[in-house]
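Engineer: Counting in full-length UniProt numbering, the sequence shown runs from 1 upward without gaps.
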Amino acid sequence: MAEQARRGLARMFAEHGPVLRGFFTRRGAKEEAEDMVQETYLRLLRAHQCEGGAIANPEAYLFTVALNLAREQAMRRRWSLVPIEELENVATLLAAEESVEDAADRAQRRQRLQALLGTLPERTRAVLVMQYRDGMSYKQIAERLGVSPHMVKKHVVRGLSVCRQALAATEAR
């Protein structure tokens, strides 16, 4: 691809990046908006390379790609919803990570953890379930949810942090 065309696409992307972020955010992809903006740009670059020449209307193509990506994400989101009942195994695995306690304390802790998991954002909860219950890797989870492995790691770290802080706070009382 000619360097001039690449710079033109990069300039267009820089101009429309904030608009695309808002577009994805309004369609429910708050946490994934940045990844989706980048994916839109990558698809535009790939299409430009495959076409062998310039795309007739890159701006229109950019927004068409963004719309299709938003639709794909919405479909993935519907498929990846995990009912709260399935979180019991995750709560058990997470609770087992803590120090050995008697059975009554573990049962109370499991109940608190289940309640905590229920308060997490849907995506974070789904990532924790897929990692701890299903034993999936970050890459596998990322492919299933249509996000980057880095975003999966952020969800895991954020979810575990919230759970550990809340458990520590209740145990300190």
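Just so it is clear, CB atoms sit at the ideal spot from N, CA and C, and this is done for glycine as well.
(1) Using three-state DSSP, classify residue 57 as helix, strand or coil.
(2) Measure the beta-carbon distance from residue 72 to residue 146 and round it to whole angstroms, keeping in mind my assumption that it falls under 8 Å.
(3) By the three-class DSSP mapping on this structure, what secondary structure does residue 120 have?
(4) Determine the DSSP secondary structure at residue 32, reduced to helix, strand or coil.
(5) Could you check if residue 155 is buried or exposed, using at least 16 other CB atoms within 10 Å of its CB as the buried criterion?
(6) Taking DSSP as the reference, what is the three-state secondary structure of residue 127?
(7) How is residue 105 classed by DSSP in three states: helix, strand or coil?
(8) Do residue 29 and residue 36 come within 8 Å of each other at the CB atom, strictly closer than that value?
(9) Let me confirm a value: residue 157 is counted as buried when at least 16 other C-beta atoms fall within 10 Å, else exposed. Which label applies?
(10) Need the endpoints of the alpha helix (DSSP H) that residue 22 sits in, please.
(11) Run through DSSP, which three-state label would residue 147 get?
(12) Assign residue 167 to one of three DSSP states: helix, strand, or coil.
(13) Nearest by alpha-carbon distance to residue 45: which of 24, 7, 19 and 75 is it?
(14) Given this structure, state the Cα-to-Cα distance separating residue 125 from residue 4, to the nearest angstrom.
(15) By the 10 Å Cβ neighbour count, where 16 or more other Cβ atoms means buried, how is residue 75 classified, buried or exposed?
(16) Report buried or exposed for residue 39, applying the criterion of at least 16 other Cβ atoms within 10 angstroms of its Cβ.
(17) Buried or exposed for residue 100, please, with buried defined as at least 16 other CB atoms from any protein chain shown within 10 angstroms of its CB.
Structural biologist: On the basis of the coordinates in this document:
(1) By 1-based counting over the sequence shown, the position of residue 57 is 57. Residue state, collapsed to three classes: coil.
(2) One-based indexing of the sequence shown puts residue 72 at position 72. One-based indexing of the sequence shown puts residue 146 at position 146. Yes, residue 72 and residue 146 are in contact; Cβ-Cβ is about 7 Å, under 8 Å.
(3) Walking along the sequence shown from the start, residue 120 turns up at place 120. Here residue 120 sits in coil by DSSP.
(4) Along the sequence shown, read from residue 1 onward, the residue named residue 32 stands at position 32. Of the three classes helix, strand and coil, the one that applies to residue 32 here is coil, per DSSP.
(5) Here residue 155 corresponds to residue number 155 of the sequence shown, with the count starting at 1. The residue in question, residue 155, is buried, as its Cβ has 16 or more Cβ neighbours within 10 Å.
(6) Within the sequence shown, the letter at position 127 stands for residue 127. Residue state, collapsed to three classes: helix.
(7) As a first step, residue 105 must be located in the sequence shown, where it is residue number 105. Note: residue 105 maps to helix in three-state DSSP.
(8) The residue labelled residue 36 in the question sits at position 36 within the sequence shown. The residue labelled residue 29 in the question sits at position 29 within the sequence shown. Against a cut-off of 8 Å, the Cβ pair of residue 29 and residue 36 comes out as a contact.
(9) Position 157 of the sequence shown, counting from 1, holds the residue named residue 157. Exposed, since its Cβ has fewer than 16 Cβ neighbours within 10 Å.
(10) Taking the first residue of the sequence shown as position 1, residue 22 is located at position 22. Its alpha helix (DSSP H) spans residues 3 to 26.
(11) The count along the sequence shown starts at 1 and reaches residue 147 at position 147. In the structure shown, residue 147 sits in coil (DSSP, three-state: anything other than H, G, I, E or B).
(12) One-based indexing of the sequence shown puts residue 167 at position 167. In this structure, residue 167 counts as helix in the three-state DSSP scheme.
(13) Reading the sequence shown from its first residue, position 45 is the one you call residue 45. Selected option, being the one with the closest Cα: 7.
(14) Counted from its first residue, the sequence shown places residue 125 at position 125. Counted from its first residue, the sequence shown places residue 4 at position 4. Answer to the nearest angstrom: the Cα atoms are 44 Å apart.
(15) Locating residue 75 in the sequence shown gives position 75, counting from the first residue. It is exposed - the Cβ of residue 75 has fewer than 16 other Cβ atoms within 10 Å.
(16) Start at 1 with the first residue of the sequence shown, and residue 39 comes out as number 39. It is buried - the Cβ of residue 39 has at least 16 other Cβ atoms within 10 Å.
(17) By one-based count along the sequence shown, residue 100 stands at place 100. Model confidence at residue 100 stands at a pLDDT of 48, short of 50, so the residue's coordinates are unreliable; what they give is reported in the following sentence. Exposed, by the Cβ-count rule.
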